[in-house]
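A short write-up of the structure that comes next.
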Amino acid sequence: MNVKLIAGAIAGLAAAASLIAGQVVATEASKQDPWLRPAAVPAPADNVPNADRVELGRALFFDPRLSGSGMISCATCHNPSLGWADGQPTAIGHMSKRLGRATPTIVNSAYNTIQMWDGRKATLEDQALGPIGDPNEMALPIPQMLERLGAIDGYRAMFERAYPGQGVTAETVAKAIASFERTVVSSTSPFDRWRSGDATAVSDAAKRGFEVFNGKGNCAACHQGFNFTDNGFHNIGVKADGDTEGRFAHRRVKVLKGAFKTPTLREIALTAPYMRNGMYATLEEVVDHYDRGGDDTSNLSPNMKPLGLNPQEKADLVAFMKTLTGAPVAIVVPQLPPGPVTATTASR
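No gaps in the numbering here: position 346 of the sequence shown is 334 in the working numbering, and each next residue is one more.
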């Protein structure tokens, strides 16, 4: 992974796709319409985001020094210009190792009630350190991460402002990253404008597609509400690829065998390829998958049945889904505190 290329791409994102909370205001209509933005972004009482916490979390998120090689940051895989994903079928980790699952977008992850494809982490704070310490992902043992950050004067000052008296700890690192991630929310989309009363915000095809979405397509059985996810786990019949456990690996209930988390559809036009293994390059291919009722029928969700959609209905459904992507919003790329980058022994 070429960090200079990644850093250059990120630095050029001032006019590219980026989704920062606080720039979108919830309307009164959202109190009545479940498809519109909630009034507030959820946050735990012990980690309510403020400017200092978000500033620190943003720096940590974009800092490649949080990897064993000193070459991979969180933003390497969660790239703002790619819908906060990476555009790869499956993630690429430490030493360019191809991993088993697609990088999920972090857009609206603040609204998730459970995190990751298999739900093994409950909160953003729980999840934040996992990729950093994972030897296949960022490959920096947490004790070494703390030592590295603690040796940087600028970071020590930022931690003191964000979490006074708590120091540079695993908990404060996780909280800071989570605070920044809570600002990564979807921008106002054509769909949002339409639901708020602008009849011209979406095409007639998209309006028909929304009817298919809620009716014949049965998409809303799982893709519900503002974030278009039920936060549940379903086996949708993706072709067998060796990754067959899903949620079952962490909760031994038969119905969860091969079941993976319902992803958000927000900013969906930016996050191809699709599915947890990135097997589909286009939304049209995704619609075809559901129309045929999936492929691998072992332990298939009862919601997965052939739909019998005609070509017009398929095209309308895709037109609707594309209305869930909003206009780009400029991102603030941080100036990182100066300090050394030292690869871990395992990375040399």
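Ideal Cβ positions, reconstructed from N, Cα and C, are used throughout, including at glycine.
Taking the C-beta atoms as reference points, Leu324 is found no nearer than 9 Å to Phe147.
When Leu70, Pro119, Pro32 are compared, the shortest CA-CA separation from Pro52 is found for Pro119.
In the displayed model, Val172 falls within a strand according to three-state DSSP.
One alpha carbon belongs to Cys207, the other to Phe201, and they sit about 5 Å apart. Cβ-Cβ distances below 6 Å link Val226 to Met263 in the same chain, with the five nearest sequence neighbours on each side left out; the list follows chain order.
Burial is judged here by how many other beta carbons sit within 10 angstroms of a residue's own beta carbon; Ala116 has at least 16 and is buried.
Pairing Lys195 with Gln300, the inter-Cα distance amounts to about 13 Å. The region 157 to 172 makes no contact with the region 102 to 110; the number of CB pairs closer than 8 Å stays below 3. The beta carbons of His222 and Ala247 sit about 5 Å from each other, so the pair counts as a contact at 8 Å. Looking at the DSSP output, Tyr268 shares a beta bridge with Tyr262. Residue range 39 to 50 is occupied by the alpha helix (DSSP H) that includes Arg46.
Under the DSSP assignment, Asn202 falls in the alpha helix (DSSP H) whose first and last residues are 192 to 202.
At the C-beta level, Gly281 and Ala164 stay beyond 9 Å of one another. Between Leu112 and Ala28 a beta carbon distance of about 16 Å is seen, past the 8 Å cut, so the two are scored as non-contacting. Cβ-Cβ distances below 6 Å link Lys302 to Val275 in the same chain, with the five nearest sequence neighbours on each side left out; the list follows chain order. In terms of CA proximity to Ala228, Leu288 leads the group Leu288, Ser177, Leu253.
When Cβ pairs closer than 8 Å are counted between the two stretches, the region 209 to 223 is seen to touch the region 250 to 257, the count reaching three or more. Of all C-beta pairs linking the region 301 to 315 to the region 167 to 179, three or more are shorter than 8 Å, placing the two stretches in contact. For Ala116, the enclosing alpha helix (DSSP H) has its first and last residue at 112 to 116. Non-local beta-carbon contacts of Pro22 in its own chain, meaning distances under 8 Å to residues more than five positions away in sequence, involve Gln212, Gly213, Phe214 in chain order.
With a cut-off of 8 Å on Cβ pairs, the region 54 to 73 is not in contact with the region 183 to 191, counting fewer than three such pairs. Taking every protein chain shown into account, the CB of Gln103 has 16 or more other CB atoms within 10 angstroms, so this residue is buried. In this structure, Thr101 and Arg89 do not form a Cβ contact; the two beta carbons are roughly 20 Å apart against a cut-off of 8 Å. Inter-residue distance for Val329 and Leu54 is about 9 Å (C-alpha atoms, whole angstroms). Look at Asn67 here: in three-state DSSP terms it is strand. Taking Asn96 as reference, the option from Leu87, Asp40, Ala73, Arg86 with the minimal CA-CA separation is Ala73.
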